[in-house]
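Student: Structure below; questions to follow.
Protein chains: 2
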Amino acid sequence: MPARPIAALAGGVGAARFLAGLVRVVPPEDLSVIVNTGDDRDFFGLRVCPDLDTVMYTLAGEVDPDQGWGRRGESFHCLESLRRLGGDSWFRLGDRDLAVHVLRTQRLRQGARLDEVTAELCAAFGVRAQLLPMTCDPSATLVVRQDGTRTDFQEYLVRDGAPDDVAAVDLSAAAAATPAPGVMEALEGASTLLICPSNPVVSIGTILQLPGVRALLERRRDAVGVSPIIGGRPVKGPADRLLPCVGAEVSALGVARLYRDLCAGLVIDRADAGLATPIEELGLRVRVEETLMRDSSVAMRLAGAALELASPA
Amino acid sequence: MPARPIAALAGGVGAARFLAGLVRVVPPEDLSVIVNTGDDRDFFGLRVCPDLDTVMYTLAGEVDPDQGWGRRGESFHCLESLRRLGGDSWFRLGDRDLAVHVLRTQRLRQGARLDEVTAELCAAFGVRAQLLPMTCDPSATLVVRQDGTRTDFQEYLVRDGAPDDVAAVDLSAAAAATPAPGVMEALEGASTLLICPSNPVVSIGTILQLPGVRALLERRRDAVGVSPIIGGRPVKGPADRLLPCVGAEVSALGVARLYRDLCAGLVIDRADAGLATPIEELGLRVRVEETLMRDSSVAMRLAGAALELASPA
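Protein sequence lines correspond, in order, to chains C and G.
The opening position of the first sequence corresponds to residue 17 in my numbering, with each subsequent residue numbered one higher.
The opening position of the second sequence corresponds to residue 17 in my numbering, with each subsequent residue numbered one higher.
See below:
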């Protein structure tokens, strides 16, 4: 099967909204999405893949539109019962969402690989873009706290509320993992590479840790990224607490420096127009756009801008 | 730990209602219940134990009072989502009920035994009677249909609606299983043995297939049973389709013949008062009571009657 024309690296909510715009300006069948699995973990013995599910639900039109993750019109009766039976309930697993985790876990235990299960779920949800987990291997991102403890990413982000006591981010599991079947082929064969507006450290950075991925992107050096930082602040999530851990400035310029060896261009927000020149001085083409995806028309324009920047006339 | 004073063999709804009456006339701490596991099976990779859960929910006051199984005020959002994703939805797994199956499956996968998991769940539900799965081994009851196919019990009962095309009941899995830790001790050490009003073939019959159980009860021959048949018909369930498979008449007398080598007495319904004499002629003491447990006061009187019959003045 030939590679699809467009491949995108993706994390969670920001990527999902961007991709929902993208599949309204190109056929979804043209798109492969390599999704971060560093946030995955088991809850109650069920395999939960937050970024895969956020992208899948969003592309299926099933996502909760307000929070950007989880399922539309969700209820939490099972979780409430688990809590009453003594289980941890800090991770908000909805009743409808649980169906996906139950099916995924069943299929994995039957011996199916995560990429196969993801394809099955996407088919069931009517998602025609190809979603690829970055790896089928263990790849848990660990957050090293200032007191030396290591917590997995969801514990840091959700359970603990993403405090600023981060000493380092440990991506060694991803570095030891093998890219899932199809990942290298998608990145190699696509004519357009996109880096979605996701956390550069724990979403995109995790994918880039996989053996061969960074080298491939550096060799091509034609990707186009979208900055997830607007006016020096992340739209969502803890990027402002994590970028300093890798020595990066919390700004579109900081993102540009992280991506300069991989990318030909970067889309930045209007609020950051003043950074266009220093980013161009890094050797990147720049496009200034509205990047806060309040609605699908903004996401469509942003996706179109990223495609144009990737293929200059 | 010494055996509890009372041990009871139990199936699902009828047993649960009887036991809920019993724990209102004796301290629940005096009671061990050996519960049929022949109906257990996996749904979506989750371990479901219908009889254990029905007894547990009922003793916890959490059961759906109308149907007698499942949880009170239940919703089915996860199951509906599973169905939309292509899963079987004929077994009505509610959102709150799923919490129990998820926790049980997690603990079993962690290496805990079913009796240990059952004790943990009972503790979480505040159930003070001791619930013992009859075995921790595979023990699935199979229904052999007239066309020669073998279906597991839930498929026969729930999916197919308990049709009358039953050729035989295959209890060979139970016959090859080992009683769970505590089961033989509970049956040996109790001063009173009760056989709850459950299906004599696929609930009680399954427990009696376990190596050593029937022989122990025959040696003691002091159990007291409660007939689940009233006026020639089962209160609930397919006993009328299954009793003929073991050559038994669908009547309190048919039940008495099945239990005569195990029991000292049988409680039968007022509608069957005319069968008291032939049952006594089998060598059993008989007590005629209201056995249709419309409410808890009937269940309490019935439990009290069974205890009195077990310990004649």
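We put the CB at the ideal spot given by N, CA and C, even for glycine.
All values reported here derive from a predicted model rather than from experimental measurement.
Just confirm the distance between the C-beta atoms of V185 (chain G) and V143 (chain G), as a whole number of angstroms; I'd bet it's less than 8 Å.
Tutor: No, V185 (chain G) and V143 (chain G) are not in contact; Cβ-Cβ is about 30 Å, not under 8 Å.
Student: When DSSP labels each residue in this structure, what does P43 (chain G) get in the three-state scheme?
Tutor: Of the three classes helix, strand and coil, the one that applies to P43 (chain G) here is coil, per DSSP.
Student: For R317 (chain G) versus G281 (chain G), is the C-beta distance shorter than 8 Å?
Tutor: It is not a contact, given that the beta carbons lie outside the stated cut-off.
Student: Return the first residue and the last residue of the alpha helix (DSSP H) that D256 (chain G) is part of.
Tutor: First-last of the alpha helix (DSSP H) with D256 (chain G): A255 to L258.
Student: Who are the near neighbours of D55 (chain C) in its chain, counting only those whose CB is closer than 7 Å to its CB and skipping five residues on each side?
Tutor: Same-chain partners within the cutoff: P66, D67, T157, F169 and Q170.
Student: Under 8 Å between the Cβ atoms of A135 (chain C) and V71 (chain C)?
Tutor: Contact: no.
Student: Could you check the C-alpha separation between D180 (chain G) and S219 (chain G) for me, to the nearest Å?
Tutor: Taking the straight line from one Cα to the other gives about 18 Å.
Student: Would you call P250 (chain C) buried or exposed, if buried means 16 or more other Cβ atoms sit within 10 Å of its Cβ?
Tutor: With 16 or more Cβ atoms within 10 Å of its Cβ, P250 (chain C) is classed as buried.
Student: With DSSP as the reference, identify every bridge partner of E305 (chain G), one or two as the case may be.
Tutor: The partner list for E305 (chain G) (beta bridge, DSSP) reads G:D285.
Student: Quick one: what's got a C-beta closer than 8 Å to I295 (chain G)'s C-beta in the same chain, skipping five residues either side?
Tutor: Hits under 8 Å: A268, L269, A272, L282, I284 and V302.
Student: With a threshold of 16 other CB atoms inside 10 Å of the CB of E305 (chain G), please say whether the residue is buried or exposed.
Tutor: The residue in question, E305 (chain G), is buried, as its Cβ has 16 or more Cβ neighbours within 10 Å.
Student: State yes or no: is the C-beta of D181 (chain G) nearer than 7 Å to some heavy atom of the ligand HEM?
Tutor: Inclusion of the ligand HEM in the displayed structure is not the case, the ligand content being empty and no account of it being possible.
Student: My guess is that L147 (chain C) and V51 (chain C) are in contact by the Cβ rule of under 8 Å, so how many angstroms apart are they, rounded?
Tutor: Sure, about 6 Å apart at Cβ, within 8 Å.
Student: Could one say the Cβ of L68 (chain C) lies closer than 8 Å to chain G's Cβ atoms, at least one of them?
Tutor: L68 (chain C) does not count as touching chain G.
Student: Give the residues of chain G in contact with T121 (chain C), contact being defined as C-beta atoms less than 8 Å apart.
Tutor: The contacting residues are G61.
Student: Can you tell me which of the three DSSP states A76 (chain C) falls into?
Tutor: Here A76 (chain C) sits in coil by DSSP.
Student: What did DSSP end up calling P250 (chain G) once you bin it into helix, strand or coil?
Tutor: Three-state result, P250 (chain G): strand.
Student: Quick one: what's got a C-beta closer than 6 Å to C94 (chain G)'s C-beta in the same chain, skipping five residues either side?
Tutor: D111 and L114.
Student: Mind the definition here: the segment 307-325 of chain G touches the segment 35-54 of chain G only if three or more C-beta pairs lie below 8 Å; say whether that holds.
Tutor: A contact exists between the segment 307-325 of chain G and the segment 35-54 of chain G.
Student: Taking the Cβ atom as the reference point for each residue, do R125 (chain C) and G61 (chain G) lie within a distance shorter than 8 Å?
Tutor: Going by C-beta atoms, R125 (chain C) is nearer than 8 Å to G61 (chain G).
Student: When you compare only the Cα positions, how much space is there between V29 (chain C) and L119 (chain G)?
Tutor: For V29 (chain C) and L119 (chain G), the distance between alpha carbons rounds to 29 Å.
Student: Please state the DSSP three-state secondary structure of L298 (chain G).
Tutor: Here L298 (chain G) sits in coil by DSSP.
Student: Quick check for students: name the residue ranges of the beta strand (DSSP E) that lie wholly in the segment 205-230 of chain C, counting only runs of 3 or more.
Tutor: Here the runs fully enclosed are 208-211.
Student: When the Cα atoms are used, what is the spatial distance from P81 (chain C) to R88 (chain C)?
Tutor: Taking the straight line from one Cα to the other gives about 7 Å.
Student: If we count the other Cβ atoms within 10 Å of its Cβ and call it buried at 16 or more, is D163 (chain G) buried or exposed?
Tutor: D163 (chain G) should be labelled exposed.
Student: Ends of the beta strand (DSSP E) at Q146 (chain C)?
Tutor: From DSSP, the beta strand (DSSP E) with Q146 (chain C) extends over Q146 to P149.
Student: Where does C382 (chain C) sit, in a helix, a strand or coil, going by DSSP?
Tutor: Residue 382 (chain C) lies beyond the stretch modelled for chain C, which goes from 17 to 329, so this question has no answer here.
Student: Under 8 Å Cβ-Cβ, which residues of chain G neighbour C94 (chain C)?
Tutor: The contacting residues are C94, D111, R112, L114, A115 and V118.
Student: Note down, in chain order, every chain C residue with its Cβ under 8 Å from the Cβ of L98 (chain G).
Tutor: Within chain C, the residues near L98 (chain G) are A115, V118 and L119.
Student: With a threshold of 16 other CB atoms inside 10 Å of the CB of A189 (chain C), please say whether the residue is buried or exposed.
Tutor: The residue in question, A189 (chain C), is buried, as its Cβ has 16 or more Cβ neighbours within 10 Å.
Student: On the DSSP bridge assignment, give the partners of R57 (chain C) in chain order.
Tutor: DSSP output for R57 (chain C) lists C:V64 as bridge partner(s).
Student: In three-state DSSP terms, what is T203 (chain C)?
Tutor: Before going further, note that residue 203 (chain C) is Leu rather than Thr in the sequence given. Three-state result, L203 (chain C): helix.
Student: Quick check on the DSSP output: what are the complete alpha helix (DSSP H) runs of length 4 or more inside the segment 78-158 of chain C, in order along the chain?
Tutor: List check, alpha helix (DSSP H) in window: 93-100, 111-125 and 130-141.
Student: Taking Cβ positions, are S105 (chain C) and L98 (chain C) nearer each other than 8 Å?
Tutor: Result yes, Cβ atoms of S105 (chain C) and L98 (chain C) sit closer than 8 Å.
Student: If you drop the 5 nearest sequence neighbours on each side, which residues of the same chain put their C-beta closer than 6 Å to that of R166 (chain C)?
Tutor: Hits under 6 Å: L158 and V160.
Student: To the nearest angstrom, report how far apart L75 (chain C) and R108 (chain C) are at their CA atoms.
Tutor: Cα to Cα, the separation comes out at about 21 Å.
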